[in-house]
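Asker: Encoded as structure tokens, here's the structure I'll be asking about.
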Ligand code: VAH
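In the UniProt record's numbering, the protein residues as written are 37 to 354.
So this is what it looks like as structure tokens:
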């Protein structure tokens, strides 16, 4: 059985769907600390579990004979800068609880890291797997902690810890609290308003990945035999783009779409400290990582997805 924490989040919901299609609905438990929709409840097991409650976590693991944990709960970059104590609790204490549990029951543990685990002192183009990591967000600091803790438990206790440093994930579902969310917001605004006021400057370039590629990477990496992976933490890369480039591509579908700019200094400073391109040579060599969505295919797919999103529930466009 696989337990997904952050099961109601941007990655959690879609990750649940993918893993259930692979292993069967009953084998995948979504958990979060929010009330699930009826659709979520009908799709398969859901448990209200707080990663800050070790006993509650342990009960779900024991009662359901969990053997893998996909730990997606996190306070993202921008939200973390507005509530450092929350980000510290969720991303650091939460990670500690999860890894202690995984080690106690010898579970396979996947935890995503991020381009945000690098900072202004790291090489930006490309950013290698191993380099200086001095992130300037509590989110980034907490993800470096997660990487280091995971590698430590692997070397000390042979815990099967696996981690992928993810680019900004583009998906129809709005995550909330990220710095890369502009890319998602732009599609929704292009469809519903025809204009978008971007909080980053036109040429701010960061690595991005379409959610289908991101979840396929996690799914494939989860089953790679542990002795064929050379490292516990890998960069994966798919594409890099900036707001101006994205707006131009969207105008191929919405010719009247207009973008304006009103920089948010907090999120601009975060984005400027992040890589522009991740070097993912080793992931490609060691376990066959290979993205299928390039920039144009991602935009095409997102335009179609956002259309469905509003066609299904027109009131969402209010
Ligand atoms: C954020 N979307 O913006 C997340 C992600 C790489 C960025 O970690 O914080």
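Glycine included, every Cβ here is placed at the ideal spot set by N, Cα and C.
In this text, all values refer to a predicted model and were calculated from it rather than measured experimentally.
Just to confirm before moving on: does the CB-CB distance between residue 312 and residue 242 stay below 9 Å?
Answerer: Reading the chain shown from its first residue, position 276 is the one you call residue 312. Reading the chain shown from its first residue, position 206 is the one you call residue 242. Yes, they are a contact pair.
Asker: If distances are taken between C-alpha atoms only, which option among 339, 79 and 316 comes closest to residue 52?
Answerer: One-based indexing of the chain shown puts residue 52 at position 16. If we check each option's Cα against that of residue 52, 79 comes out closest.
Asker: Can you list, in chain order, the residues of its chain whose CB lies under 7 Å from that of residue 170, leaving out five sequence neighbours each side?
Answerer: In the chain shown, residue 170 corresponds to position 134, counting from 1. These residues qualify, in order along the chain: 155 and 157.
Asker: Is any non-hydrogen atom of the ligand VAH found closer than 8 Å to the C-beta of residue 67, if you look at the structure I gave you?
Answerer: Taking the chain shown and counting its residues from 1, one reaches residue 67 at position 31. No - the ligand VAH has no heavy atom lying nearer than 8 Å to the Cβ of residue 67.
Asker: Any heavy atom of the ligand VAH within a distance shorter than 8 Å of the CB on residue 314?
Answerer: In the chain shown, counting from the first residue as 1, residue 314 sits at position 278. Not so, every heavy atom of the ligand VAH lies at least 8 Å from the Cβ.
Asker: Given residue 86, which residues of its chain have a CB within under 7 Å of its CB, disregarding the five upstream and five downstream residues?
Answerer: Taking the chain shown and counting its residues from 1, one reaches residue 86 at position 50. Once the five neighbours on either side are set aside, the close Cβ partners of residue 86 are 69 and 92.
Asker: Assuming residue 77 contacts residue 48 (C-beta within less than 8 Å), just tell me the rounded distance between them.
Answerer: As a working mapping, residue 77 is identified with position 41 in the chain shown. As a working mapping, residue 48 is identified with position 12 in the chain shown. Contact flag wrong, Cβ pair sits at about 14 Å.
Asker: In the DSSP output, which residue or residues are listed as bridge partners for residue 193?
Answerer: Along the chain shown, one-based indexing puts residue 193 at 157. Per DSSP, none; premise fails for residue 193.
Asker: Using 8 Å for Cβ pairs, my map puts residue 235 next to residue 225. What's the rounded Cβ distance?
Answerer: In the chain shown, the residue the question calls residue 235 occupies position 199. In the chain shown, the residue the question calls residue 225 occupies position 189. Rounded, the Cβ-Cβ distance is 12 Å, inconsistent with contact.
Asker: Within a Cβ cutoff of 6 Å, which residues of the same chain sit near residue 356, ignoring the five residues on either side of it in sequence?
Answerer: The question about residue 356 has no answer, for the chain in this structure spans 37 to 354.
Asker: Give the residues whose C-beta lies closer than 5 Å to at least one heavy atom of the ligand VAH, in chain order.
Answerer: So the residues near the ligand VAH by this Cβ test are 112, 113, 150, 151, 152, 204, 214, 215 and 216.
Asker: What residue from 251, 182 and 208 has the CA that sits closest to residue 132's CA?
Answerer: Taking the first residue of the chain shown as position 1, residue 132 is located at position 96. Minimum Cα distance to residue 132 is reached at 182.
Asker: Count the C-beta pairs between the region 190-203 and the region 133-144 that are closer than 8 Å, then say yes if the count reaches three, no if not.
Answerer: Flag = yes, the region 190-203 and the region 133-144 touch.
Asker: Opposite residue 39 in the DSSP bridges: which residues?
Answerer: Position 3 of the chain shown, counted from the first residue, corresponds to residue 39. Paired residues: 65 and 105.
Asker: Ignore the nearest five residues each way along the sequence and tell me which others in residue 346's own chain have a CB closer than 8 Å to its CB.
Answerer: By one-based count along the chain shown, residue 346 stands at place 310. 227, 228, 352 and 353, listed in sequence order.
Asker: With a threshold of 6 Å on Cβ separation, who are the neighbours of residue 174 within its own chain once the five nearest residues in sequence on each side are excluded?
Answerer: Taking the chain shown and counting its residues from 1, one reaches residue 174 at position 138. Once the five neighbours on either side are set aside, the close Cβ partners of residue 174 are 116, 120 and 123.
Asker: Measure from the alpha carbon of residue 163 to the alpha carbon of each residue in 333, 148, 42 and 316, then state which is nearest.
Answerer: As a working mapping, residue 163 is identified with position 127 in the chain shown. Minimum Cα distance to residue 163 is reached at 316.
Asker: What separation, rounded to the nearest whole angstrom, lies between the Cα atoms of residue 83 and residue 290?
Answerer: Indexing the chain shown from 1 puts residue 83 at position 47. Indexing the chain shown from 1 puts residue 290 at position 254. Approximately 41 Å between the Cα atoms of the pair.
Asker: For the beta strand (DSSP E) holding residue 144, just list the boundary residues, first then last.
Answerer: Within the chain shown, the letter at position 108 stands for residue 144. Residue 144 -> beta strand (DSSP E) spans 144-150.
Asker: Whole angstroms are fine: how far does the CA of residue 203 sit from the CA of residue 251?
Answerer: Sequence index remark: in the chain shown, residue 251 carries index 215 (1-based). Sequence index remark: in the chain shown, residue 203 carries index 167 (1-based). Each residue's alpha carbon lies about 12 Å from the other.
Asker: Does DSSP classify residue 208 as helix, strand or coil?
Answerer: Sequence index remark: in the chain shown, residue 208 carries index 172 (1-based). Here residue 208 sits in coil by DSSP.
Asker: Throw me the rounded Cβ distance for the residue 230 and residue 283 pair, which I believe falls under 8 Å.
Answerer: In the chain shown, counting from the first residue as 1, residue 230 sits at position 194. In the chain shown, counting from the first residue as 1, residue 283 sits at position 247. Incorrect: roughly 12 Å between the Cβ atoms, too far for contact.
Asker: When we look at the beta-carbon of residue 127 and count the other beta-carbons within 10 Å, is it buried (16 or more) or exposed?
Answerer: Residue mapping note: residue 127 aligns to position 91 of the chain shown, counting from 1. With 16 or more other Cβ atoms within 10 Å, it is buried.
Asker: For residue 87, does the three-state DSSP call read helix, strand or coil?
Answerer: On the chain shown, position 51 is the one that residue 87 refers to. DSSP places residue 87 in coil when its eight states are reduced to three.
Asker: When you compare each of 238, 90, 75 and 108 to residue 38 by their alpha carbons, which one comes out closest?
Answerer: Indexing the chain shown from 1 puts residue 38 at position 2. Comparing Cα positions, the closest option is 108.
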